[in-house]
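Heads up, the thing below is written out as structure tokens.
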Amino acid sequence: MYRKSDNSWLEVNTGQNGALVRDHGRLSQVISELPQPEQQFPILSVFLGGKRKDHILQILFPHNNIRRTNSGAQVRLRCETVSAETNEPLLLADGDLGGSTSCKPQQMLPGDKLISCRTLSTTSLLQQVYSRLIFPFANLICVFAIDFPDLASIAQSLVGCAGAGSTSCLPLSVRPKVIVVLEDGGSMEPESLEHDIARFYDLVREIDRPRLQESFSSLNVIRLDRSLPETIQHERLRTSIRDQQTAIQAVRRAHWYHYSARQLGGLFQSALKSFVAETQFDLVQATRMDFPVSTGLPHHLAHFLEAGLRGGCSLDTLGRSIASALLMDHYVPGMMLLEPRIVFRTLYLPAVVRGGQRASPALGQRGDELADLIERDFVRGFRRISTSTKTSVELQRETLMSLSHELGKIQSHTICLYCLVRCAQHCQRCHHSICDNCAQVFGSPASNVEYQFTLSICLLCLSRDKLVVDVLPPTMNPTILAIDGGGVRGVIPLEYLILIQESLGRDCKLCDLVDLSVGPSSGGLIALGISGMEWDVSTCSQMFDRLARRIFEERIQSSLSRMLRFLFGQYSLLGAIFQWLSWFCQDGCYDTRIFDASLREAFREERRIFGVVGVNAQSKSRSKFGVIATNIAKETRSFVFGNFNAVDWFAGQKHEYQLFRAEKADDEPLIWEVARATAAAPFYFSTANLGPSGSFQDGGLKDNFAADIARRICRRIWPSKPGITRLISLGTGRTDAPSNRSPAFRHVFRDGFFPRSYEAFMSQMDATPKWLRMKNELDEALRQDYLRLDVPLQTLPCTIDDTGMMDEYRNLVIGQPGSGRMARDVASALLAGRFYFTLRCVPEKVTGGEYVWCHGAVQCKGPVREIVDSLLANHPQRMEFVNDTEHLAYFGGLDDICAACGRYSKPISMLLRNCDQPTNIYLRVSREKQWRISGFPTDMSSVAAAQKLEAPFGRPDHGHPAVVPCASCDGTMVHLAGRRRKRTSAPTDELASKRVCVVGEVRT
860 MYRKSDNSWL EVNTGQNGAL VRDHGRLSQV ISELPQPEQQ FPILSVFLGG KRKDHILQIL
920 FPHNNIRRTN SGAQVRLRCE TVSAETNEPL LLADGDLGGS TSCKPQQMLP GDKLISCRTL
980 STTSLLQQVY SRLIFPFANL ICVFAIDFPD LASIAQSLVG CAGAGSTSCL PLSVRPKVIV
1040 VLEDGGSMEP ESLEHDIARF YDLVREIDRP RLQESFSSLN VIRLDRSLPE TIQHERLRTS
1100 IRDQQTAIQA VRRAHWYHYS ARQLGGLFQS ALKSFVAETQ FDLVQATRMD FPVSTGLPHH
1160 LAHFLEAGLR GGCSLDTLGR SIASALLMDH YVPGMMLLEP RIVFRTLYLP AVVRGGQRAS
1220 PALGQRGDEL ADLIERDFVR GFRRISTSTK TSVELQRETL MSLSHELGKI QSHTICLYCL
1280 VRCAQHCQRC HHSICDNCAQ VFGSPASNVE YQFTLSICLL CLSRDKLVVD VLPPTMNPTI
1340 LAIDGGGVRG VIPLEYLILI QESLGRDCKL CDLVDLSVGP SSGGLIALGI SGMEWDVSTC
1400 SQMFDRLARR IFEERIQSSL SRMLRFLFGQ YSLLGAIFQW LSWFCQDGCY DTRIFDASLR
1460 EAFREERRIF GVVGVNAQSK SRSKFGVIAT NIAKETRSFV FGNFNAVDWF AGQKHEYQLF
1520 RAEKADDEPL IWEVARATAA APFYFSTANL GPSGSFQDGG LKDNFAADIA RRICRRIWPS
1580 KPGITRLISL GTGRTDAPSN RSPAFRHVFR DGFFPRSYEA FMSQMDATPK WLRMKNELDE
1640 ALRQDYLRLD VPLQTLPCTI DDTGMMDEYR NLVIGQPGSG RMARDVASAL LAGRFYFTLR
1700 CVPEKVTGGE YVWCHGAVQC KGPVREIVDS LLANHPQRME FVNDTEHLAY FGGLDDICAA
1760 CGRYSKPISM LLRNCDQPTN IYLRVSREKQ WRISGFPTDM SSVAAAQKLE APFGRPDHGH
1820 PAVVPCASCD GTMVHLAGRR RKRTSAPTDE LASKRVCVVG EVRT
């Protein structure tokens, strides 16, 4: 006996609050049951009618047992059993255009869509569901007339569906065909039947024929002669349906509107979102729902055109390279091969026009032909990739290399010169910059490090200098090191960094655990040393000490002041007045020449802020760092000099600070110049003149609390990241909280204007109140990821230029109770933050229940062995991975490192109530202490989306691997997923009878 199955697909219910559209997930289920959904191209046929329709469907498709299926939904879906494993499986959707909807209050379930359409009747609402969610993807619509009151009602229903606003943007020739099946009843005269058919066409014309013509490619009537044997009647109908299906499928293939089962699922989900939002569904835009076209594309194209024309490139060369880049952006493996002109005009034409308008002064009279030029090359490129095995990436590589004699002259540190659609994040030695995505697409992955790529050749100038690039994995959030400014008190954060490095050990470098370092003033110098110069912490401390003692050795003394002090004594008032007058005229009390020479010696003269580190023929892209300086305009504003770009680099005026990037690579400031700008404290040093960039002063004037601006910068570099892994904030000493009562005025020399101004300026360096304000604004669960190390100054003076106090400041940290323990905690937090979780397959729903299995692995970014060794040295006791309630897996240390590839991989499986359930994974280092691994808290839907596991239209990385595949550790995960998958096939009652831990449930 066959078991009844539920084929419910779409259900509509109306109520006082609007209409509830429930997607039962039937289409997704049918697609998942196909053997090769990425390579199978389904034919969706819709059958409309009642009981007679069900009877005939049972005869046409006897293997589906249609009458043995049950459903409470208005629209049902099933896959024809016989064709399920063919290249073109037949999907059967059926329902009744006049089906009733329930007006009873419905309980909202996960995935339900509530829309505000109280004015629509239930029939009109159902017609909209067919018109906007089903008909756009159907090849054939078959209407059984005997289940309708009369032919007029059929015509009225079809026009109602067309009038509901079919959202398909398909050409007329590939829109669905309609067949109306008439049955003559056996005794009806042929003339009478022909009269009914003619009357039907007349009714269509009278009601609204143009609207039907816009929605359907053809409308035909088929007569079933009841006088013939039933087998002959239905065989003729089956043949007619098959012929119509084959014909429309062939037309769709010829017009490039041919989609796989996986793509059909993606299109339907996009149409459902548009239907709920009451917006127009666009098929081309729907293919980009997972990776939409960059909003900054017009700015990118304008910048590229200006840089190219400035470099002497012809407009034809620039147009061809833009067309090839746009082809690579859209036609990724897995993308529908839609007609190129429609794709270009829908996705890119507005951006090309606006980009041309922005670059119009450079383009001149040829600006009008730019769009036509790019569209022509776009179509030519499409023909090459659609009629051969060449991919869009290979075409782009070929295009760039063939035009290298011209494109090699273009230099830009703002946009990626390979894809043109993303901002630059890494600079090659030849000054041609690329983005994270192109590093993966055009680079070679490492075998022993996650998300590390090597580019062996520059495609624009054919330089053979290698570049090694590290990219943040998609499910990993960044770690930030924020160092406040404070002059010579910079030895305080340096002393903390030394303690942290001691906890990490000699081999595990601090810079390998941090993704972004930010600081103003002395904090900026430290960030430049650790990330910009890649000094170890000990070297950075030594260099800072030497630099401070040299530049603050002696204040400038004028000859006249010296003479007056000699004549009237060391504390001569007249000598002091002339001394201050001399400092005022020179805009500083310390010798700028000594400052400049010291910085040149420390940071070298040849290194630029946006450059590479390395010698000979191999370079390495540095970890990101930002140094804060302040302009000298009337409206003071912070400028951030760094080796990165914001995704919205063109929207500088919308933010409180400006990310600096020179228009030309040769105008990029040197590292020592940026160091000079961030540390140019007023009164102490004159402003730093960076040539075309302008003049700058100390960054602590505006943003001395580095953690706040670092968080804002992070959101602009990685806008897709929901948060941060760790934020380590280092202060330069805090003062004791003042008494509630304001002191009384004593005299002008103690409490006058100048002393008060000085004290107010120095108080800005204490960022403790801002830190407390930031912590209070955070969700309580996230506060443990924000750590700050600072020490009270006690009775020591708050100074920024007294080098004699530097050792005293260091002793404050060394003598602070618990400073070593705090440093170890920070080190452990940083180490745990290099672990992240990835799913190895799409979460699997337990058969018959709502629970899902999530199979994945904890992996490690960075030097794996050094990180694991450091963790074991700090925590020799047994560690484990846990969630909020349960143990997940023990931390195996070096045993978790694959012997074949050298990467860390710890398989983990979790049983969750649903994929949207918020989840945490911690590394528990002791009974009292546990640290969240990177990327959490999150839910598995977000993890799967970040990894693009369900990407029906391909991925921006074109499917290029992030690491060299390893048969050893990859095979372990495949074996684990297969073994656990057997458990997911158990029915719900069997699952309930076992002792199973569900994440989020607390055992009692």
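Just so you know, we're using the working numbering here: the sequence shown kicks off at 860 and counts up by one.
We treat Cβ as the ideally placed atom computed from N, Cα and C, and that holds for glycine.
On a predicted model such as this, the values are computed, not experimentally measured, just so you know.
Residue environment, residue i, which counts as buried when at least 16 other CB atoms sit within 10 Å
i: K1036; result: buried
i: F1608; result: Note that F1608 scores 46 on pLDDT, short of 50, meaning its location in the model is unreliable; the coordinates nonetheless yield the value given after this. Label assigned to F1608: exposed.
i: I1792; result: buried
i: S980; result: exposed
i: E1354; result: buried
i: P1008; result: exposed
i: R944; result: The identity of residue 944 in the sequence shown is Glu, whereas the question assumes Arg. Label assigned to E944: exposed.
i: A1505; result: buried
i: K910; result: exposed
i: N1864; result: This structure cannot speak to residue 1864, because the chain is shown only from 860 to 1863.
i: G1167; result: buried
i: K1368; result: buried
i: V941; result: exposed
i: E1413; result: exposed
i: D1625; result: buried
i: G1139; result: First, the amino acid is wrong: residue 1139 is Gln here, not Gly. Exposed, since its Cβ has fewer than 16 Cβ neighbours within 10 Å.
i: L1376; result: Per the sequence shown, residue 1376 should be read as Ser rather than Leu. Under this definition S1376 is a buried residue.
i: A1407; result: buried
Beta bridge counterpart(s) of residue i as assigned by DSSP
i: A1341; result: V1377 and S1588
i: W1790; result: L1782
i: Y1645; result: L1586
i: E836; result: Outside the displayed range of the chain (860 to 1863) lies residue 836, so it cannot be described from this structure.
i: D953; result: F906 and R935
i: L1314; result: L1326
i: C1001; result: F906 and I1038
i: M1769; result: C1713
i: S1303; result: T1313
i: Y1749; result: E1739
i: S867; result: R935
i: L1529; result: R1467
Contact belief for residue i with residue j at Cβ below 8 angstroms, rounded distance in angstroms
i: E1042; j: I1005; result: 5 angstroms
i: L1276; j: L1319; result: 6 angstroms
i: C1370; j: I1351; result: With 8 angstroms as the limit, C1370 and I1351 do not qualify as a contact, their Cβ atoms being about 20 angstroms apart.
i: W1630; j: A1566; result: 7 angstroms
i: R1147; j: T1258; result: The Cβ separation is near 22 angstroms, so there is no contact.
i: L956; j: F906; result: Not confirmed; about 11 angstroms, so no contact.
i: I1568; j: Y1516; result: 6 angstroms
i: Q1108; j: N998; result: 6 angstroms
i: S1400; j: I1359; result: Not quite, the Cβ-Cβ distance comes to about 12 angstroms (not below 8 angstroms), so this is no contact.
i: S1074; j: A1021; result: 4 angstroms
Original post:
With contact counted as at least three CB pairs below 8 angstroms, one residue from each stretch, are the stretch 1709-1724 and the stretch 1762-1773 in contact?
Top reply: Contact check between the stretch 1709-1724 and the stretch 1762-1773: three or more CB pairs, one atom from each, fall below 8 angstroms, which counts as touching.
**OP:** Decide yes or no for the touch test of the stretch 1292-1299 against the stretch 1342-1360: beta carbon pairs closer than 8 angstroms, at least 3 of them.
**Re:** In this structure the stretch 1292-1299 does not touch the stretch 1342-1360; the number of beta carbon pairs closer than 8 angstroms is below three.
Original post:
Are the stretch 1527-1542 and the stretch 1462-1472 in contact at 8 angstroms, needing three or more beta carbon pairs?
Top reply: yes
Original post:
What runs of the alpha helix (DSSP H), each 4 residues or longer, lie entirely inside the stretch 1221-1278?
Top reply: 1229-1245, 1251-1261 and 1263-1266
**OP:** Check whether the stretch 1744-1759 touches the stretch 1677-1689, taking contact to mean three or more Cβ pairs, one atom from each stretch, closer than 8 angstroms.
**Re:** no
Original post:
Where are the beta strand (DSSP E) runs, 3 residues long or more, that stay fully inside the stretch 1690-1740, in chain order?
Top reply: 1694-1698 and 1711-1719
Original post:
On the three-pair Cβ rule with 8 angstroms, is the stretch 1685-1699 touching the stretch 1651-1670?
Top reply: No, they do not touch.
Subject >> Cβ contact (3+ pairs, closer than 8 angstroms) linking the stretch 1125-1138 and the stretch 1242-1256 >> reply: no
Subject >> Any beta strand (DSSP E) of 3 or more consecutive residues that is wholly inside the stretch 1472-1515 >> reply: 1477-1480, 1483-1490 and 1497-1501
Subject >> Cβ pair count under 8 angstroms reaching 3, the stretch 1792-1808 against the stretch 1580-1587 >> reply: With the cut-off at 8 angstroms, the stretch 1792-1808 and the stretch 1580-1587 touch.
Original post:
Would you say the stretch 1475-1486 touches the stretch 1316-1331, given that touching needs at least three Cβ pairs under 8 angstroms?
Top reply: yes
**OP:** For the stretch 1143-1157 and the stretch 1206-1217, state whether three or more C-beta atom pairs, one from each stretch, are separated by less than 8 angstroms.
**Re:** yes
**OP:** Could you name each continuous alpha helix (DSSP H) segment of 4 residues or more that falls completely within the stretch 1629-1691, going from the start of the chain to the end?
**Re:** 1665-1674 and 1678-1691
**OP:** Evaluate contact between the stretch 1538-1549 and the stretch 1380-1388, counting only Cβ atoms and requiring at least three cross-stretch pairs below 8 angstroms.
**Re:** Of all C-beta pairs linking the stretch 1538-1549 to the stretch 1380-1388, three or more are shorter than 8 angstroms, placing the two stretches in contact.
Original post:
Is the stretch 1814-1826 in contact with the stretch 1299-1310, if contact means three or more CB pairs nearer than 8 angstroms?
Top reply: yes
Original post:
Would you say the stretch 1557-1565 touches the stretch 1484-1494, given that touching needs at least three Cβ pairs under 8 angstroms?
Top reply: yes
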